[in-house]
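Quick note on full-length UniProt numbering: the sequence shown kicks off at 1 and runs consecutively. Note that the Cβ used here is the ideal one computed from N, Cα and C, for glycine as well.
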Amino acid sequence: MGRAVTVAACALNQWALDFEGNLERIFRSIDIAKSKGARYRLGPELEICGYGCSDHYYESDTLLHSFQVLEKLLESPVTQDIICDVGMPVLHRNVRYNCRVIFLNKKILLIRPKIALANAGNYRELRWFTPWSKARHVEEYFLPRIIQEVTGQETVPFGDAVLATKDTCLGAEMCEELWTPNSPHIEMGLDGVEIFTNSSGSHHVLRKAHTRVDLVNSATAKNGGIYIFANQKGCDGDRLYYDGCAMISMNGETVAQGSQFSLDDVEVLVATLDLEDVRSYRAEISSRNLAASKANPYPRVKVNFALSCPDDVAVPTCVPVQWRYHSPEEEISLGPACWLWDYLRRSKQAGFLLPLSGGIDSSATACIVYSMCHQVCLAVKNGNAEVLADAQRIVHDETYIPEDPRELCRRVFTTCYMASENSSQDTCNRAKLLAEQIGSYHINLNIDAAVKAIVGIFSIVTGRTPRFSVYGGSSRESLALQNVQARVRMVLAYLFAQLTLWARGAPGGLLVLGSANVDESLRGYLTKYDCSSADINPIGGISKTDLKNFIQYCIENFQLTALRSIMSAPPTAELEPLVDGQVAQTDEADMGMTYAELSIYGKLRKIAKAGPYSMFCKLINMWKEICTPREVASKVKHFFRMYSVNRHKMTTLTPSYHAENYSPDDNRFDLRPFLYNTTWSWQFRCIDKQVNAL
């Protein structure tokens with residue numbers, strides 16, 4: 001009697017519409033799973049076409065090519081003698097579903113459509129798919145001819161069913177279904193399903209891993225069972241980084257943990273578990289057994305195959321492990337670094353250029369690139385041939401072996417300090433020292449000639465010369481002069497990104513990195529089309545508070561001592577004239593609020609769904625020890641005025657790594673108007689009434 005089952009969960013770095021690459025990675029994962037003795041292999045959600053196809057799901061080509069890939073999988077000897085569970089879109093009776101296709105030995109066992117679709121935050125599945133709404137119902141699906149020719153099947157079961165093998169029963173969940181209040185695993189478990197599978201397309205958010213792990217473990221804590229979780233990893237073509245974390249859990253405890261951040265395109269997690277442990281765990285939960293005796297049965301697809309061997313008494317099984325979580329600082333160091341590497345190698349560019357100001361934000365961005373170089377060297381040291389090949393192609397040297405992060409940094413990373421007459425020597429020195437310590441190719445240049453030329457054109461045309469406010473000019477004049485400096489830096493950044501390598505006699509071009517943090521974007525404290533305008537921004541979804549903690553982490557872990565003076569200096573844009581040679585302008589004074597306050601406003605606005613009045617009501621209690629109600633009202637009004645005046649800047653925001661749930665990203669995460677009535681007259685009047693009453 002078999003009792004020890006060996007199963008595999010995969011984390012694959014799939015790429016939207018890269019059917020050839022996706023197929024190769026699926027094949028490799030199945031091969032690894034079989035070599036480790038697995039009899040069942042689970043892959044990520046929509047792994048055949050890649051999760052992030054977006055409106056390409058509407059195209060018949062996406063469906064056609066997905067079936068062509070499935071044909072290759074079915075007919076290959078690699079997929080024999082193992083149950084393979086793959087994800088792809090399927091059109092059934094002219095309705096498009098997000099499906100799992102489960103097959104064994106050239107026969108499709110079941111096509112299981114997703115029941116609960118993810119449609120919040122970055123997810124828009126209801127735009128492209130329809131949820132399967134017929135619980136415990138199965139229909140006939142007529143296979144395309146190219147599949148019929150391989151399987152010899154005309155129709156296969158399609159719907160909400162489970163698989164009954166010779167030794168156990170398996171039921172599938174998909175991503176969002178784990179997060180719903182009435183997850184399918186509850187009813188499936190009561191109906192005797194012992195192994196639950198979850199194929200996910202779950203992206204990274206700072207501090208999210210705890211929630212995901214708790215959900216997986218709690219799925220079997222009350223009901224018993226084995227839970228297999230597979231996830232996509234990497235950047236598959238947009239702002240999201242899918243962070244793996246493949247895991248296998250039994251009876252409420254983790255027994256196998258995959259990596260969260262890695263440059264390995266294919267990761268296969270295998271565990272051997274004793275089915276009798278599930279049965280004995282369930283046996284003593286009387287409340288569970290009473291509910292199970294009344295459970296509505298699922299349709300069962302019989303499978304003439306076993307996940308265990310007849311004589312497996314001596315087979316060792318896995319024991320629980322303690323999940324190892326990354327700190328938020330480690331997450332910032334690793335997640336955006338892996339995202340940058342995927343973007344660099346898949347865009348086929350030769351590196352990055354960063355305008356390095358000597359402040360916290362651009363320094364944090366530089367440290368993330370340096371961390372990326374660390375990860376590349378580590379992967380090569382561990383024998384990752386793909387990373388080595390990518391690195392050699394990027395630097396155009398087939399003999400190159402990256403061993404020293406600083407040396408790799410010099411090849412792929414250019415930093416540029418763009419001084420003006422308003423820049424201090426302190427920031428210049430800080431940028432230069434940091435560049436030396438991380439090894440980047442560093443450029444110092446002065447933008448004054450370009451700024452004076454542009455202002456000179458205006459003066460010739462209008463006969464007027466704008467002045468800074470410290471020289472008697474109006475606030476309009478001062479702001480315009482600051483914006484000219486900022487926009488000149490953007491133009492120069494792109495010029496140097498295109499031609500720096502040409503000037504050095506090297507091939508290729510550079511991607512321009514932006515470095516505006518999530519709080520500045522929310523407040524709109526940036527010049528439209530300045531250095532915040534770039535190709536990509538690795539810190540655009542990270543708060544100033546977290547970035548400061550990350551800088552401290554880099555001081556301690558990368559020994560970047562140049563960051564100490566950057567940490568201690570007040571953040572400044574350095575766009576206004578110096579006073580006695582010293583910086584007089586600071587970010588927080590300009591914004592009229594602190595970065596700590598901005599983080600709170602951002603979380604209340606987006607996560608707590610608070611408008612001006614609700615935010616005021618929450619903050620008068622939160623800040624009752626430090627602010628009067630009238631002061632709170634003034635702060636809330638100022639935030640909403642500035643947020644609404646500057647919201648138009650979000651429409652052109654550089655694509656940023658998504659790391660915070662209060663991101664103001666206008667692309668698809670935070671959908672708001674960009675032309676507001678910035679007086680908020682009705683809302684502010686409600687606040688004033690409450691202030692007077694208090």
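Nearest-angstrom Cβ-Cβ length linking Y601 and F639, presumed shorter than 8 Å: 5 Å
Alpha helix (DSSP H) runs wholly inside the region 574 to 620, at least 4 long, in chain order: 587 to 591, 595 to 606
According to DSSP, simplified to helix, strand and coil, what is S199? strand
Within the same chain, show all residues whose beta-carbon is closer than 6 Å to that of Y525, passing over the 5 residues directly before and after it, in chain order. M591
Can you round the beta-carbon distance between T168 and E194 to whole angstroms, since I take them to be within the 8 Å contact cut? 5 Å
What span of residues does the beta strand (DSSP E) with T415 cover, start to end? 413 to 419
From what residue to what residue does the beta strand (DSSP E) around Q232 run? 226 to 234
If contacts are defined as beta-carbon pairs under 8 Å, then F413 and S371 qualify, I think. What distance do you get, rounded to the angstrom? Not confirmed; about 11 Å, so no contact.
Hey, would you say the C-beta of G514 is under 7 Å away from at least one heavy atom of the ligand SAM? Annotation note on the ligand SAM: not contained in the displayed structure, which lists no ligands.
What are the start and end residues of each continuous beta strand (DSSP E) run of 3 or more residues lying completely inside the region 251 to 306, in chain order? 253 to 257, 266 to 274, 300 to 302
Can you give the Cα-Cα distance for P310 and A4, rounded to whole angstroms? 9 Å
Identify whether C531 lies in helix, strand or coil by the three-state DSSP scheme. coil
If you measure between the beta carbons of F684 and P612, is that distance less than 8 Å? yes
Ignoring anything shorter than 4 residues or poking outside the region 529 to 570, list the alpha helix (DSSP H) runs there in chain order. 544 to 557, 563 to 568
Using 8 Å as the cut-off, can you tell me whether the region 8 to 23 makes contact with the region 40 to 56, which would need three or more C-beta pairs spanning the two stretches below that distance? yes
When you compare only the Cα positions, how much space is there between R487 and P336? 26 Å
For the alpha helix (DSSP H) holding K114, just list the boundary residues, first then last. Note, K114: premise wrong, no alpha helix (DSSP H); not H, not E.
For F158, which beta-bridge partners are listed by DSSP? I111, E139
Buried or exposed by the 16-neighbour rule on C-beta atoms within 10 Å, applied to A77: According to the sequence shown, residue 77 is Pro rather than Ala. Label assigned to P77: exposed.
On a Cα-Cα basis, can you pick out the residue from E576, E597, E660 that is closest to S474? E576
Indicate the three-state DSSP secondary structure (helix, strand or coil) for D243 in the structure shown. strand
Shortest alpha-carbon distance to A172 belongs to which of W682, V645, T197? T197
Between the alpha carbons of E276 and S293, how many angstroms are there, rounded? 20 Å
On the DSSP bridge assignment, give the partners of N98 in chain order. P89
Just the Cα atoms here: how many angstroms apart are E625 and L619? 11 Å
Going by the DSSP bridge assignment, what does S424 pair with across the sheet? Its beta-bridge partners do not exist; DSSP assigns none.
First and last residue of the uninterrupted alpha helix (DSSP H) at A172: Looking at the DSSP string, A172 is not in any alpha helix (DSSP H); the run it does join, the beta strand (DSSP E), is 169 to 174.
Would you grab the beta carbon distance between Y58 and W128 for me? Rounded to a whole angstrom, and I think it's under 8 Å. 7 Å
Three-way DSSP call (helix, strand, coil) for L344 in this model: helix
Starting from the C-beta of R564, find all residues in its chain whose C-beta is less than 8 Å away, skip the five residues before and the five after it, and write them out in chain order. I555
Could you pull the start and end residues of the beta strand (DSSP E) that P184 belongs to? Taken as a continuous stretch (DSSP letters only), P184 belongs to no beta strand (DSSP E), being part of the alpha helix (DSSP H) at 184 to 190.
If you drop the 5 nearest sequence neighbours on each side, which residues of the same chain put their C-beta closer than 8 Å to that of K606? N661, Y662, S663, P664, D670
What residues in its chain sit with their C-beta under 6 Å from that of E75, if we drop five residues either side in the sequence? V150
Between the C-alpha atoms of S521 and L64, what's the straight-line distance to the nearest angstrom? 41 Å
Just list the residues that DSSP pairs G41 with in beta bridges. It should be noted that the sequence gives Arg, not Gly, for residue 41. In DSSP, R41 forms a bridge with A8, C84.
Contact between the region 254 to 264 and the region 32 to 40 (3+ Cβ pairs under 8 Å): no
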